[in-house]
Structures are given as C-alpha cells and as structure tokens.
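Using our numbering, the letters of the sequence shown correspond one by one to residues 1 to 84. For glycine and all other residues, C-beta sits at the position ideal for the given N, C-alpha and C. Have a look at the structure below before the remarks.
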Amino acid sequence: PLSLHTGQRTLPVRTVDIGDDGALLVSPEALSLKFGVVLTNPSRDRRAFGWVVRCSTGETPGTFEVAIAFIEPSPTFWDDADRG
C-alpha cells in the first residue's frame, strides 16, 4: 500500500504503472495538475516528491487515475517485486 500526501490530506493509492521517474496511480480523489505531492512507500521506508501531470476519471466509478512525475528520478523507491 502507498500513500499520497497532498499537504492537507493523505490518500490511499494503488499503482497501475511504475517507473524511476514517477507512477500512474488510482486515487479516491481527483487532483489538480501541477499540484505538489509526496508519495510514500512504507514497506521500503521511502518518500518521493513530485507533482501531478495528469488526472482523469478511473475505470471504476469513484476513482481517478493520477499520473505523478517525480522531481528527481528515484530508482530505489520501488521494490524489485513491484516491477514484476
């Protein structure tokens, strides 16, 4: 499980696609473009700072697909098992 911190809220999110430069997430809330966020990976005790580069309605009602770009590449953010 990952958490997306928006400054005022913490949202539980799940991944659709991951990379060293960011991720595509499923979120329970829509977020504005260029909004600054912190993504946390508690299982690896890692944080990555970034911003929202895309937000659209998710496939499941009440969800949103949020694309996050990391400010700096973060190859150690993900566990190797996450990469499939």
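- One Cα belongs to Glu-72, the other to Phe-49, and the distance between them is close to 8 Å.
- Ranked by Cα distance from Thr-10, the first of Leu-2, Leu-33 and Val-16 is Leu-2.
- In this chain, Leu-31 is not harboured by any beta strand (DSSP E), its DSSP state being neither H nor E.
- Straight-line measurement puts the Cα of Val-66 at about 11 Å from the Cα of Gly-22.
- Taking C-alpha positions only, Asp-17 is separated from Leu-4 by approximately 15 Å.
- In the assembly as shown, Leu-31 is a buried residue. Its beta-carbon has 16 or more other beta-carbons within 10 Å.
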